[in-house]
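Undergrad: In my numbering, the protein residues as written are 1 to 231. Handing you this structure, nothing more for now.
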Amino acid sequence: MHYERFAPSPTGKLHLGHAFSSLLVYNSTKKNNGKFLLRIEDLDFQRCRREFEESIFEDLNWLGIKWDKKPIRQSQRFNLYTDVIKILWKKGVAYKCECTRKDISKAFQNFDKNQSLSPDIYPGTCRTKTINHDNFSVRLNIRKAIELIDKKDLFFFNKSEINTPFKKINISPETLVRDFGDVVIARKDIKTSYHIAVVVDDSAQKISQVTRGYDLFKSTFFHVLLQKLLN
Ligand SMILES: [Zn+2]
Numbered sequence: 001m002h003y004e005r006f007a008p009s010p011t012g013k014l015h016l017g018h019a020f021s022s023l024l025v026y027n028s029t030k031k032n033n034g035k036f037l038l039r040i041e042d043l044d045f046q047r048c049r050r051e052f053e054e055s056i057f058e059d060l061n062w063l064g065i066k067w068d069k070k071p072i073r074q075s076q077r078f079n080l081y082t083d084v085i086k087i088l089w090k091k092g093v094a095y096k097c098e099c100t101r102k103d104i105s106k107a108f109q110n111f112d113k114n115q116s117l118s119p120d121i122y123p124g125t126c127r128t129k130t131i132n133h134d135n136f137s138v139r140l141n142i143r144k145a146i147e148l149i150d151k152k153d154l155f156f157f158n159k160s161e162i163n164t165p166f167k168k169i170n171i172s173p174e175t176l177v178r179d180f181g182d183v184v185i186a187r188k189d190i191k192t193s194y195h196i197a198v199v200v201d202d203s204a205q206k207i208s209q210v211t212r213g214y215d216l217f218k219s220t221f222f223h224v225l226l227q228k229l230l231n
């Protein structure tokens, strides 16, 4: 079965980009005899509001989109995300990080300029630290994670235009290390992350095709790694 999802965050009203992508997904499910699933990505309890969730339903109705199955709401699924983070701990690929943004930018200033890390990439300060308090995030040790999987499995199929064929994209381990580094898999405040929630939910909803904006294109690379790690 062909399943696709529309997964907005209720942090405001839907905009034209949402309308475009929801219709794109809806038409694709119709064409493929698939199901259109709705997922409310409301992990960020500081910014998400129920009233915006209501307006998402209204706007989709207005667009003539009907969703199959009951929508799922990420804020009701924290236990599942916690379980998956526990699995990553057991595999030995997780570690605690107590750094603030300030700590991280300071670490960069002390860094040897010859090291070709970009400023967005975590320098690994806490990788070997012992942390005995509760104010920490959890990071994925990306090098260790890559060691656990078969590199041949690191690929996905992509198309950037509607009427072009899918092309196989191979993900090189070097790209993961260079462009992602040790990504946060559980934030200090919500104890999970966008990446973990999406990978868990795409699996639970049996999603076979994902439509996303270019701003999130690169996250696909990391999601494939998590999918392989978690089988
Ligand atoms: Zn740290």
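From the three backbone atoms N, C-alpha and C, an ideal C-beta is built for every residue, glycine too.
If you measure from each residue's Cβ to the nearest non-hydrogen atom of ligand 1, which ones come out under 5 angstroms, in chain order?
TA: Applying a distance threshold of 5 angstroms between residue Cβ atoms and the heavy atoms of ligand 1 selects C97, C99, T125, C126, given in chain order.
Undergrad: With the cut-off set at 8 angstroms, would you say C48 and P8 are in Cβ contact?
TA: Cβ atoms of C48 and P8: not closer than 8 angstroms.
Undergrad: Closest to F6 by CA distance: which of I149, G124, R73 is it?
TA: R73
Undergrad: Hey, how far is the Cα of D150 from the Cα of W62?
TA: 46 angstroms
Undergrad: Taking DSSP's pairing of strands, which residues face E4 in a bridge?
TA: F36, Q209
Undergrad: Among the candidates R127, R139, A19, K13, whose CA atom is the shortest distance from the CA of I196?
TA: R139
Undergrad: Using a threshold of 8 angstroms, state whether the C-beta atoms of N135 and K218 are closer than that.
TA: no
Undergrad: Nearest-angstrom Cα distance between I146 and D215?
TA: Taking the straight line joining both Cα atoms gives about 24 angstroms.
Undergrad: Could you give the first and the last residue of the continuous beta strand (DSSP E) run that contains I169?
TA: 167-170
Undergrad: One question on the structure: do L37 and Q205 come within less than 8 angstroms of each other, judged by their Cβ atoms?
TA: yes
Undergrad: Taking 8 angstroms as the cut-off, decide whether the C-beta atoms of S55 and K13 are in contact.
TA: Taking 8 angstroms as the Cβ cut-off, S55 and K13 qualify as a contacting pair.
Undergrad: Can you tell me whether H18 is buried or exposed? The criterion is at least 16 other CB atoms within 10 Å of its CB, across all chains shown.
TA: By the neighbour-count criterion, in which 16 or more other beta carbons inside 10 Å mark a residue as buried, H18 falls on the buried side.
Undergrad: Please classify G213 as buried or exposed, where buried requires at least 16 other C-beta atoms within 10 Å of its C-beta.
TA: exposed
Undergrad: Give a yes or no on whether the C-beta atoms belonging to K35 and D59 are separated by under 8 angstroms.
TA: no
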